[in-house]
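Encoded as structure tokens, the structure appears first; notes follow it.
Residue numbers (my numbering): 65 to 382.
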């Protein structure tokens, strides 16, 4: 957990300066609040990553540490950027879609950030301060070129401000928020939704997973029909070959056609078993390779974090 010190950007580089301390309940850029929701509840909702923090120890199965591709790279990977207001879907991807939460305006206002997150008795808990730092750093990585800036502005992810102002702001964040100081959810970058669903299924027994994406039966069957069809084809071929073998099992008559059909049926079975075995071996090899790379990277990053935390403890405090 990071010790609170100050906002992760300077007042000079802040992208907003509209908060009026005389009206502390006014949150920069906030929509109409719910009847029973105050400003602290709103901030918590905007930075609520508790579901991901709860499975932090298992997130290595869903993504790699500090792995965030900039927006232009997302386009090159043929991913569609979908806007979400749900914080814990930020940087979660599936197939050719990645969810991105627009940058809350209150995180861009230096005075508001200092008052709500960094004052002597801040109303917002420490975990949300850590989440705010990680969220800002994620945007510094998503929008790190002028091309990324154009995409982000078009999608409404960041305010429509000149690239030069954003560049100064993002550079300031990168300098003030070391990657090794990130905690919980933002220690990891992009997370695969299918893996998150499996984690929730295995550890929590939730059939709906982390996010159930089917509102109708048709999309569910369409997404799973391909796998079922492949299994059906292999089983049909195997059963047909076995029928030929059984029908031609009596080879005592010496008929050449009967012998040929018998051997052909056996050959078909061998080919099917070999093909399935080869595909299984390739799958296991890729799985083992990815797991090895994931765990090796996790150990390396964990060691770097431990050394970083040790240096912080040994360094003199101001």
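Every residue gets a Cβ at the ideal spot worked out from N, C-alpha and C, and that includes glycine. Just so it is clear, the structure is predicted and the values come from calculations on it, not from any experiment.
In this structure, residue 111 lies near residue 196, with their beta-carbon atoms less than 9 Å apart. The C-beta separation of residue 77 from residue 208 comes to about 15 Å, leaving the pair out of contact by the 8 Å criterion.
In this structure, DSSP gives residue 102 a state outside helix and strand, which the three-state scheme calls coil. Secondary structure at residue 155: coil, using DSSP grouped into helix, strand and coil.
By the neighbour-count definition (other C-beta atoms within 10 Å, threshold 16), residue 261 is a buried residue.
Note that the stretch 161 to 170 does not touch the stretch 227 to 246; fewer than 3 beta-carbon pairs, one per stretch, sit closer than 8 Å.
Per DSSP, residue 161 is not a residue of any alpha helix (DSSP H); the beta strand (DSSP E) it occupies stretches across 161 to 164. Within 10 angstroms of the beta-carbon of residue 91 lie 16 or more other beta-carbons, which makes it buried. Spatial neighbours of residue 178 in its own chain (CB-CB distance under 6 Å, excluding positions within 5 residues in sequence) are listed in chain order as 71. Residue pairing for residue 120: DSSP places it in no beta bridge.
Following the DSSP letters along the chain, one finds residue 144 inside the beta strand (DSSP E) bounded by residues 144 to 147. A Cβ-Cβ separation of about 20 Å leaves residue 267 out of contact with residue 129 under the 8 Å criterion. Shown here for residue 356: not one same chain residue has a beta carbon closer than 6 Å to its own, the five before and five after excluded. Excluding residues up to 5 positions away in sequence, 138, 143, 144, 145, 146, 155, 156, 254 lie with their Cβ nearer than 8 Å to the Cβ of residue 162 in the same chain. Here residue 298 is not near residue 346, since their CB atoms are 9 Å or more apart. Counting along the chain, no alpha helix (DSSP H) covers residue 127, and no H or E run does either. When secondary structure is reduced to three states using DSSP, residue 255 falls in the strand class. Spanning the alpha carbons of residue 74 and residue 183 requires a straight line of approximately 15 Å. A direct Cα-to-Cα measurement between residue 200 and residue 136 gives close to 18 Å. Secondary structure at residue 275: coil, using DSSP grouped into helix, strand and coil.
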